[in-house]
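Scroll down for the structure; my scribbles are underneath it.
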């Protein structure tokens, strides 16, 4: 006997409790097997769900203040713990982000295009004073450097021949209170095509607050 | 919809006689949860989900309502242990109760409203006991003497069979699992199931049949480690 849609519908009716299995249905081997399997599944499902329902109902009747207090305390404990963990995770995340940022900065620093005197490596002595030279019409106009502020009472500018760097012969030396020096036309004419400018900043006690140097050229 | 301190409650949170009385009064509506068509996908218990969210947000009224509803968990563990033949000693049971309740808070984040809160927590209790029993067996712990165990009806399924059918039901397609649960757990008629799930009565019957057929197949699958 072929198992068909009518058999499926009949099985659904039987399992819904609306009909009894008839002789025709029982002649179909597949119907018999499916019915047996479904009935076993139904018995187990009913047993599992009956157990669940009766356990919950009984537990609900017997639960008292002790159980409520325990649960309340444990929930509160869980909440506190979660809050602590969240704070810890945030702090850890922030630390990792800072570390990653620092590493990235360190990694990228040498490859940043040279836009400032510092990045070209032209200020080397402690890196505290950035020196610059402004040219006007191919002449030295201003020798300037970072201001240290009120703590610096004296800047000492030395101009040297460039062949030996900072060990080059001194061309001129100026003691200044402002962070720049503008040569007179006559002084400018006396300067070589290429030179090294060296600056030191001193405090009230004569203490060295910072220094810097750079190569300057009219070319 | 009945409310407690402003929170809507499902009839599942009530004793069964109350639920049945309400169900009888609501011809057509019949049960606590709105018809499936009115709800979001997969969320059968939106009020329970709302309650859990409020608890997690620290709303004290919600916490009190949650505690009122869920304080049954410790007693459920004791009841389950007794009905399954007392596999856990008093001390083991206390430890398990503590473990389950402590883990409740982090698990709340995973609750999705697909089942009633009571069912959801009962699942932890049942699985917790079964895991403890299996762990004890692996360690070769002595089972209680047969005479010390509460009497169990001979034809009733044993704990492993119950665990198997619960696991199979968890693997069932949602549409089948819902119909079987409503039929056996809430003892609804197919008309009532149809109204609850926004299905025709015939579709409810067909889903019930197909669900049982599928459940039978899942129960026949080879067991892990068997």
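Chains as they are written, first to last, in this note's numbering: chain A, 1 to 219; chain B, 1001 to 1226. Backbone N, C-alpha and C define an ideal beta-carbon position, used for all residues, glycine too. Note that the structure is predicted; figures quoted are calculated from it, not measured.
Practice item. Could you check what DSSP says for residue 1125 of chain B in three-state terms: helix, strand or coil? Key: Along the second chain, one-based indexing puts residue 1125 of chain B at 125. Of the three classes helix, strand and coil, the one that applies to residue 1125 of chain B here is helix, per DSSP.
Practice item. Pull up the DSSP beta-bridge partners for residue 201 of chain A, would you. Key: Residue mapping note: residue 201 of chain A aligns to position 201 of the first chain, counting from 1. According to DSSP, which records beta bridges pairwise, residue 201 of chain A is partnered with A:155, A:210.
Point to revise | CA-to-CA distance, residue 28 of chain A to residue 235 of chain A, given in whole angstroms | key: Limits of chain A in this structure are 1 at one end and 219 at the other, which puts residue 235 of chain A out of reach.
Review point. If you pair each beta-carbon of the segment 1204-1212 of chain B with each one of the segment 3-14 of chain A, do three or more pairs fall below 8 Å?
Key: yes
Point to revise | Bridge partners - residue 172 of chain A, DSSP secondary structure assignment | key: Here residue 172 of chain A refers to the residue found at position 172 when the first chain is read from its first residue. Looking at the DSSP assignment, residue 172 of chain A forms a beta bridge with A:159.
Review point. How many angstroms separate the CA atom of residue 1113 of chain B from the CA atom of residue 53 of chain A?
Key: Numbered from its first residue, the second chain carries residue 1113 of chain B at position 113. Numbered from its first residue, the first chain carries residue 53 of chain A at position 53. Computed Cα separation, rounded: 19 Å.
Exercise for review: Answer yes or no: does any C-beta atom of chain A fall closer than 8 Å to that of residue 1050 of chain B?
Suggested key: Residue mapping note: residue 1050 of chain B aligns to position 50 of the second chain, counting from 1. Judged by the 8 Å Cβ criterion, residue 1050 of chain B is not in contact with chain A.
Point to revise | C-beta neighbour in chain A for residue 1166 of chain B, strict 8 Å | key: For the purposes of this step, residue 1166 of chain B is taken as residue 166 along the second chain, with counting starting at 1. Answer yes: the Cβ-Cβ gap between residue 1166 of chain B and chain A drops below 8 Å somewhere.
Point to revise | First and last residue of the uninterrupted alpha helix (DSSP H) at residue 1044 of chain B | key: As a first step, residue 1044 of chain B is located in the second chain; it is residue number 44 there, counting from the start. No alpha helix (DSSP H) contains residue 1044 of chain B, which DSSP labels as neither H nor E.
Point to revise | Bridge partner(s) assigned by DSSP for residue 131 of chain A | key: Taking the first chain and counting its residues from 1, one reaches residue 131 of chain A at position 131. Bridge partners of residue 131 of chain A: A:145.
Practice item. Just the C-alpha distance for residue 1062 of chain B and residue 61 of chain A, rounded to the nearest angstrom, thanks. Key: By 1-based counting over the second chain, the position of residue 1062 of chain B is 62. By 1-based counting over the first chain, the position of residue 61 of chain A is 61. Cα to Cα, the separation comes out at about 21 Å.
Exercise for review: Using 10 angstroms around the beta-carbon of residue 173 of chain A, count the other beta-carbons present and answer buried if the total reaches 16, otherwise exposed.
Suggested key: On the first chain, position 173 is the one that residue 173 of chain A refers to. Classification of residue 173 of chain A: exposed, given that the 10 Å Cβ count is below 16.
Practice item. List the residues of chain A that residue 1169 of chain B touches, going by C-beta distances under 8 Å, in chain order. Key: Position 169 of the second chain, counted from the first residue, corresponds to residue 1169 of chain B. Those are 45, 48, listed as they occur along chain A.
Review point. What three-state label does DSSP hand residue 139 of chain A in the structure shown?
Key: As a working note, residue 139 of chain A is residue 139 in the first chain. DSSP places residue 139 of chain A in the strand class (E or B) of the three-state scheme.
Point to revise | Residues that residue 1219 of chain B contacts on chain A, provided the C-beta gap is smaller than 9 Å | key: On the second chain, position 219 is the one that residue 1219 of chain B refers to. Taking a Cβ-Cβ threshold of 9 Å, the residues of chain A close to residue 1219 of chain B are 37, 40, 41, 44, in chain order.
Point to revise | Contacts that residue 1119 of chain B makes with chain A (C-beta to C-beta distance below 9 Å) | key: Here residue 1119 of chain B refers to the residue found at position 119 when the second chain is read from its first residue. Going along chain A in sequence order, the residues near residue 1119 of chain B (Cβ under 9 Å) are 52, 56.
Practice item. Could you tell me whether any Cβ in chain A is nearer than 8 Å to the Cβ of residue 1115 of chain B? Key: Residue numbering aside, residue 1115 of chain B sits at position 115 when the second chain is read from its first letter. No, its Cβ sits nowhere closer than 8 Å to a Cβ of chain A.
Check your understanding: Taking DSSP as the reference, what is the three-state secondary structure of residue 88 of chain A?
Key -> On the first chain, residue 88 of chain A is found 88 positions in, with the first residue counted as 1. In this structure, residue 88 of chain A counts as helix in the three-state DSSP scheme.
Check your understanding: The alpha helix (DSSP H) with residue 1098 of chain B in it runs from where to where?
Key -> Sequence index remark: in the second chain, residue 1098 of chain B carries index 98 (1-based). Where residue 1098 of chain B is concerned, the enclosing alpha helix (DSSP H) stretches over 1090-1102.
Practice item. Kindly indicate if chain B contains any beta-carbon less than 8 Å away from that of residue 24 of chain A. Key: For the purposes of this step, residue 24 of chain A is taken as residue 24 along the first chain, with counting starting at 1. False, the Cβ-Cβ gap to chain B never drops below 8 Å.
Check your understanding: Using the C-alpha atoms, what's the distance from residue 185 of chain A back to residue 132 of chain A?
Key -> On the first chain, position 132 is the one that residue 132 of chain A refers to. On the first chain, position 185 is the one that residue 185 of chain A refers to. When rounded, the distance between both Cα atoms is 19 Å.
Exercise for review: Pick helix, strand or coil for residue 180 of chain A, following the three-state DSSP scheme.
Suggested key: Taking the first chain and counting its residues from 1, the one referred to as residue 180 of chain A is at position 180. Here residue 180 of chain A sits in strand by DSSP.
Review point. Which bits of chain A does residue 1122 of chain B rub up against, with CB to CB less than 8 Å?
Key: Counting from one through the second chain, the residue named residue 1122 of chain B turns up at place 122. Near residue 1122 of chain B (Cβ distances below 8 Å), the residues of chain A are 52, 55, 56.
Practice item. Ignore the nearest five residues each way along the sequence and tell me which others in residue 181 of chain A's own chain have a CB closer than 7 Å to its CB. Key: Translated into positions along the first chain, residue 181 of chain A becomes position 181. The residues 143, 157, 174, in chain order, have a CB closer than 7 Å to that of residue 181 of chain A in the same chain once the five nearest residues on each side in sequence are set aside.
Exercise for review: Give the residues of chain D in contact with residue 1106 of chain B, contact being defined as C-beta atoms less than 8 Å apart.
Suggested key: The structure shown contains no chain D; the protein chains it does contain are A and B.
Review point. What residues of chain A sit near residue 1206 of chain B, judged by a beta carbon separation below 7 Å?
Key: The residue given as residue 1206 of chain B occupies position 206 in the second chain. Chain A residues near residue 1206 of chain B: 12.
**Study point:** Cross-strand partners of residue 196 of chain A (DSSP beta bridge)
**Key:** Taking the first chain and counting its residues from 1, the one referred to as residue 196 of chain A is at position 196. Beta-bridge partners of residue 196 of chain A (DSSP): A:160, A:215.
Check your understanding: Given that a residue counts as buried once 16 or more other Cβ atoms are within 10 Å of its Cβ, and exposed if not, what is residue 1095 of chain B?
Key -> If you number the second chain from 1, residue 1095 of chain B lands on position 95. By the neighbour-count rule (16 or more Cβ atoms within 10 Å), residue 1095 of chain B is not buried but exposed.
**Study point:** Where residue 1180 of chain B meets chain A, residues with beta-carbon distance less than 7 Å
**Key:** Counting from 1 along the second chain, the entry for residue 1180 of chain B is found at position 180. Result: 45.
Check your understanding: Under the three-state reduction of DSSP, which class applies to residue 1053 of chain B: helix, strand or coil?
Key -> On the second chain, position 53 is the one that residue 1053 of chain B refers to. Looking at residue 1053 of chain B - three-state DSSP - the assignment turns out to be helix.
Exercise for review: Could you tell me whether the segment 1044-1059 of chain B touches the segment 20-39 of chain A, where touching means 3 or more Cβ pairs closer than 8 Å?
Suggested key: no
Point to revise | Distance between beta carbons of residue 1101 of chain B and residue 71 of chain A, contact taken as under 8 Å | key: For this step, residue 71 of chain A is matched to residue 71 along the first chain. For this step, residue 1101 of chain B is matched to residue 101 along the second chain. Beta-carbon to beta-carbon, residue 71 of chain A and residue 1101 of chain B are separated by about 6 Å, close enough to satisfy the 8 Å threshold.
Practice item. Decide if the segment 1104-1118 of chain B is in contact with the segment 1066-1084 of chain B; the criterion is three or more beta carbon pairs, one per stretch, under 8 Å apart. Key: Taking a cut-off of 8 Å on C-beta distances, the segment 1104-1118 of chain B touches the segment 1066-1084 of chain B, as three or more cross pairs fall below it.
Point to revise | Residue burial classification, residue 1097 of chain B (beta-carbon count within 10 angstroms, cutoff 16) | key: Position 97 of the second chain, counting from 1, holds the residue named residue 1097 of chain B. Counting Cβ neighbours within 10 Å, residue 1097 of chain B comes out buried, since at least 16 surround it.
Exercise for review: Taking residue 1103 of chain B as the reference, give the member of A:57, A:207, A:75 with the closest Cα.
Suggested key: Taking the first residue of the second chain as position 1, residue 1103 of chain B is located at position 103. Checked all of A:57, A:207, A:75; the closest Cα to residue 1103 of chain B is A:75.
Exercise for review: Identify which residue in B:1196, B:1083, B:1052 has its Cα closest to the Cα of residue 1175 of chain B.
Suggested key: Reading the second chain from its first residue, position 175 is the one you call residue 1175 of chain B. Comparing Cα positions, the closest option is B:1196.
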